[in-house]
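Start counting the sequence shown at 4; every next residue gets the next number (my numbering). Yeah, the Cβ is synthetic: ideal placement off N, Cα and C, and Gly gets one too. Presented below is the structure to which this report refers.
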Amino acid sequence: MKRFGMLTSGGDCQALNATMRGVAKGLETLFGNVEIYGFLDGYKGLIYGNYKKMKPMDFSGILSKGGTILGTSRVPFKELDNPTEDGVDKVPAMIKTYKKLDLDCLIVLGGNGSQKTANRLYQEGLNVIGLPKTIDNDIWGTDMTFGFYSAVDVATHAIDCIYTTAESHSRVFVVETMGHKVGWITLYAGVAGGADVILLPEIPYDIKKVKKTIDKRMKQGKKFTIIVAAEGAIPKEIAKLPKKERKAKLAESTYPSVAYEIADKIRESFAGDVRVALPGHTQRGGAPDAYDRIISSRFGAKAAELIRDEDFGKLVVYLNNEVTAIPLEETAGKLKYVDPDCQMIKEAKSLGISFGD
Ligand code: F6P
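Here it is in structure tokens:
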């Protein structure tokens with residue numbers, strides 16, 4: 004009987020369970036009876052040999068369940084060759100667990116860092132298949148990751164709710180969405196929520212331009228403004244500093260997060276009421292939407308197919324409307340950023356949305 008290991012790694016997101024269900028169903032269809040071992044809390048489970056032998060029932064009724072039935076954790080790739088706090092060498096320990104269970108393949112549901120580790124394990128000789136998880140949609144090589152659209156839905160709902168109260172009270176609101184390095188959620192939710200200003204990590208902003216949009220709206224009789232800013236939105240003057248100085252400057256900030264800083268800067272010359280709203284981890288929570296349930300189920304079926312074909316070392320991806328796969332080593336270590344000159348940014352600008360640039 005074939006034996007497979009499965010784990011969910013990194014920040015959680017919607018549709019992790021739906022993806023595992025898809026893989027389990029696909030494997031069952033292609034191989035008949037299989038043994039699936041679920042590693043608990045991501046790579047930690049593989050390191051310490053903490054796992055659960057999954058029963059078919061474990062994958063039942065979880066298509067619409069948020070979170071992950073296996074638990075997750077972050078084991079940073081850059082610390083992979085450093086031992087754990089209790090002195091365990093991570094990579095040899097993971098290989099040992101894999102071999103002890105005599106696995107035919109390890110299935111990794113994870114984002115950028117997790118897929119780098121998956122690639123490393125493949126290079127170490129394990130059979131590995133990756134599935135692209137993250138609300139950020141920033142995995143290079145795939146047009147879509149599971150979790151993204153559900154997060155966009157949550158963020159859009161948050162903007163919708165802020166919109167009505169902002170309008171009632173004639174307030175400026177800065178809504179902060181997730182995304183430290185990339186702004187996909189912010190761009191999509193910003194457009195979906197009718198934001199007036201969208202601030203992305205990829206497009207450093209000039210606060211004067213942001214204020215100009217508020218003033219212009221005031222003159223038009225629109226007394227409220229919605230600014231949607233990514234966690235990693237960055238002012239122009241800081242973005243142009245060399246990397247080391249930029250990091251030091253950002254670390255100096257005493258604000259809880261960027262939205263508070265942006266709000267304060269607006270208050271310096273704006274007499275109206277400026278407020279902050281943070282949907283935070285709600286963006287990763289709750290049930291996956293229909294889109295994510297579909298894409299994750301398709302990803303799961305594809306993963307099973309790759310395993311049947313012994314086509315290991317691959318990441319399942321969605322490219323040009325097709326579910327396909329690319330080598331893990333091709334994507335490892337690369338991020339998919341929002342191109343400031345892409346069509347969607349141009350369209351958003353033609354709708355009158357300011358990017359503060
Ligand atoms: O990568 C997913 C993500 O939700 C990012 O958008 C966010 O910046 C980060 O994780 C938050 O991480 P944590 O849950 O560790 O606070």
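Next item on the list: May I ask you to report which of helix, strand or coil DSSP gives M347?
Entry: Stepping through the sequence shown from its first residue, residue 347 is reached at position 344. In the structure shown, M347 sits in a helix (DSSP, three-state: H, G or I).
Checklist line | Segment contact flag, the segment 97–108 with the segment 324–332, C-beta cutoff 8 Å, min 3 pairs | finding: no
Check: Smallest Cα separation from E82: which of Y46, G196 and L354?
Finding: Sequence index remark: in the sequence shown, residue 82 carries index 79 (1-based). Of the listed residues, the one whose Cα sits closest to E82 is Y46.
Next item on the list: Just confirm the distance between the C-beta atoms of F176 and I110, as a whole number of angstroms; I'd bet it's less than 8 Å.
Entry: Against the sequence shown, residue 176 aligns to sequence position 173. Against the sequence shown, residue 110 aligns to sequence position 107. Between I110 and F176 the Cβ distance is about 42 Å, and since that is not below 8 Å, they are no contact.
Check: Cβ-heavy atom distance between H172 and the ligand F6P below 7 Å?
Finding: Position 169 of the sequence shown, counted from the first residue, corresponds to residue 172. Incorrect: H172 has no Cβ contact closer than 7 Å to the ligand F6P.
Note to self: Considering just the uninterrupted stretch of the beta strand (DSSP E) at T228, what are its terminal residues?
What the structure shows: Here residue 228 corresponds to residue number 225 of the sequence shown, with the count starting at 1. T228 to A233 is the extent of the beta strand (DSSP E) around T228.
Next item on the list: Evaluate the contact criterion for the segment 266–278 versus the segment 168–182: three or more CB pairs, one atom per stretch, below 8 Å.
Entry: yes
Item checked: Nearest-angstrom beta carbon gap, P207 and K184 [assumed within contact, 8 Å] -> Position 181 of the sequence shown, counted from the start, is the residue given in the question as residue 184. Position 204 of the sequence shown, counted from the start, is the residue given in the question as residue 207. Not really, about 13 Å apart at Cβ, beyond 8 Å.
Margin query: On the DSSP bridge list, what partners appear for S357?
Written below: Taking the sequence shown and counting its residues from 1, the one referred to as residue 357 is at position 354. In DSSP, S357 forms a bridge with V200.
Note to self: Check for me: the beta strand (DSSP E) holding A306 runs from which residue to which?
What the structure shows: Walking along the sequence shown from the start, residue 306 turns up at place 303. Counting along the chain, A306 falls outside any beta strand (DSSP E), though it belongs to the alpha helix (DSSP H) covering A293 to R311.
Check: Along the chain, which unbroken stretches of the beta strand (DSSP E) at least 3 residues long are found entirely within the segment 138–191?
Finding: With a minimum length of 3 residues, the continuous beta strand (DSSP E) runs that stay inside the segment 138–191 are 175–180.
Item checked: Alpha-carbon to alpha-carbon, D342 and G64 -> Here residue 64 refers to the residue found at position 61 of the sequence shown. Here residue 342 refers to the residue found at position 339 of the sequence shown. Using only the alpha carbons, I get a separation of about 39 Å.
Margin query: If we require 3 or more residues per run, which beta strand (DSSP E) segments fall completely within the segment 41–104?
Written below: Runs of the beta strand (DSSP E) inside the segment 41–104: 54–57.
Next item on the list: With hydrogens ignored, establish whether the beta-carbon of T137 is closer than 7 Å to any heavy atom of the ligand F6P.
Entry: Stepping through the sequence shown from its first residue, residue 137 is reached at position 134. At least one heavy atom of the ligand F6P is nearer than 7 Å to the Cβ of T137, so yes.
Notebook entry, point to check: Terminal residues of the continuous beta strand (DSSP E) containing R24?
Noted result: On the sequence shown, residue 24 is found 21 positions in, with the first residue counted as 1. Looking at the DSSP string, R24 is not in any beta strand (DSSP E); the run it does join, the alpha helix (DSSP H), is L19 to F34.
Margin query: Less than 7 Å separating the Cβ of R123 from some heavy atom of the ligand F6P?
Written below: Against the sequence shown, residue 123 aligns to sequence position 120. Result no, Cβ not under 7 Å from the ligand F6P.
Check: Comparing alpha-carbon positions, which option in T11, M4, W143 and A21 lies nearest D295?
Finding: Here residue 295 refers to the residue found at position 292 of the sequence shown. By alpha-carbon distance to D295, the top candidate from T11, M4, W143 and A21 is A21.
Check: Hey, how far is the Cα of K366 from the Cα of A232?
Finding: Because the chain in this structure spans residues 4 to 360, residue 366 falls outside the shown range and cannot be described.
Item checked: Helix, strand or coil at I269 according to DSSP, with G and I counted as helix -> For the purposes of this step, residue 269 is identified with residue 266 of the sequence shown, where counting begins at 1. Three-state DSSP puts I269 in a helix.
Checklist line | Reference D15; option with closest CA among G70, K339 and D141 | finding: By 1-based counting over the sequence shown, the position of residue 15 is 12. Nearest of G70, K339 and D141 to D15, Cα basis: G70.
Note to self: Mapping the DSSP letters down to three states, classify K317 as helix, strand or coil.
What the structure shows: Within the sequence shown, the letter at position 314 stands for residue 317. Strand at K317.
Notebook entry, point to check: Can you tell me the Cα-Cα spacing of E255 and K215, whole angstroms?
Noted result: The residue given as residue 255 occupies position 252 in the sequence shown. The residue given as residue 215 occupies position 212 in the sequence shown. Taking the straight line from one Cα to the other gives about 27 Å.
Notebook entry, point to check: Considering only the beta carbon of each residue, do F62 and T120 sit closer than 8 Å?
Noted result: Residue numbering aside, residue 62 sits at position 59 when the sequence shown is read from its first letter. Residue numbering aside, residue 120 sits at position 117 when the sequence shown is read from its first letter. Against a cut-off of 8 Å, the Cβ pair of T120 and F62 comes out as no contact.
Check: When the Cα atoms are used, what is the spatial distance from R270 to M147?
Finding: As a first step, residue 270 is located in the sequence shown; it is residue number 267 there, counting from the start. As a first step, residue 147 is located in the sequence shown; it is residue number 144 there, counting from the start. Cα-Cα distance, rounded: 38 Å.
Check: Would the segment 245–252 and the segment 185–195 be scored as touching if the rule is three or more Cβ pairs under 8 Å?
Finding: no
Next item on the list: Can you tell me which of the three DSSP states Y340 falls into?
Entry: What you label residue 340 is simply residue 337 of the sequence shown in a count that begins at 1. Of the three classes helix, strand and coil, the one that applies to Y340 here is coil, per DSSP.
Notebook entry, point to check: Just to confirm, does G182 get its C-beta within under 7 Å of one of the non-hydrogen atoms of the ligand F6P?
Noted result: Residue numbering aside, residue 182 sits at position 179 when the sequence shown is read from its first letter. Yes, Cβ of G182 sits closer than 7 Å to a heavy atom of the ligand F6P.
Checklist line | G113 and G13 closer than 8 Å at C-beta | finding: In the sequence shown, counting from the first residue as 1, residue 113 sits at position 110. In the sequence shown, counting from the first residue as 1, residue 13 sits at position 10. Yes, they are a contact pair.
Next item on the list: With DSSP as the reference, label I237 as helix, strand or coil.
Entry: Your numbering for residue 237 matches position 234 in the sequence shown. In the displayed model, I237 falls within coil according to three-state DSSP, outside both helix and strand.
Check: Since I329 is in the beta strand (DSSP E), which residue starts that stretch and which ends it?
Finding: Taking the first residue of the sequence shown as position 1, residue 329 is located at position 326. Taken as a continuous stretch (DSSP letters only), the beta strand (DSSP E) holding I329 covers E325 to P330.
Checklist line | Among L33, N36 and K55, the one whose alpha carbon lies nearest that of F42 | finding: As a working note, residue 42 is residue 39 in the sequence shown. Here the closest residue by C-alpha is K55.
Check: Can you tell me the Cα-Cα spacing of I72 and M9, whole angstroms?
Finding: By 1-based counting over the sequence shown, the position of residue 72 is 69. By 1-based counting over the sequence shown, the position of residue 9 is 6. Going by the C-alpha atoms only, they are around 11 Å apart.
Check: Among all the DSSP beta bridges, which residues are the ones paired with G133?
Finding: Numbered from its first residue, the sequence shown carries residue 133 at position 130. Its beta-bridge partners are V111 and L318.
Check: For L354, which residues of its own chain have a beta-carbon under 8 Å away from its beta-carbon, when the five flanking residues on both sides are left out?
Finding: The residue labelled residue 354 in the question sits at position 351 within the sequence shown. Contacts found: V194.
Checklist line | Contacts around F302, its chain only, beta-carbon distance under 7 Å, and the 5 residues preceding and following it disregarded | finding: The residue given as residue 302 occupies position 299 in the sequence shown. So the list reads T22, G25, L134, F149, V319 and V326, once near-sequence residues are dropped.
Notebook entry, point to check: Would G128 be called buried (16 or more neighbouring beta carbons within 10 Å of its own) or exposed?
Noted result: What you label residue 128 is simply residue 125 of the sequence shown in a count that begins at 1. Label assigned to G128: exposed.
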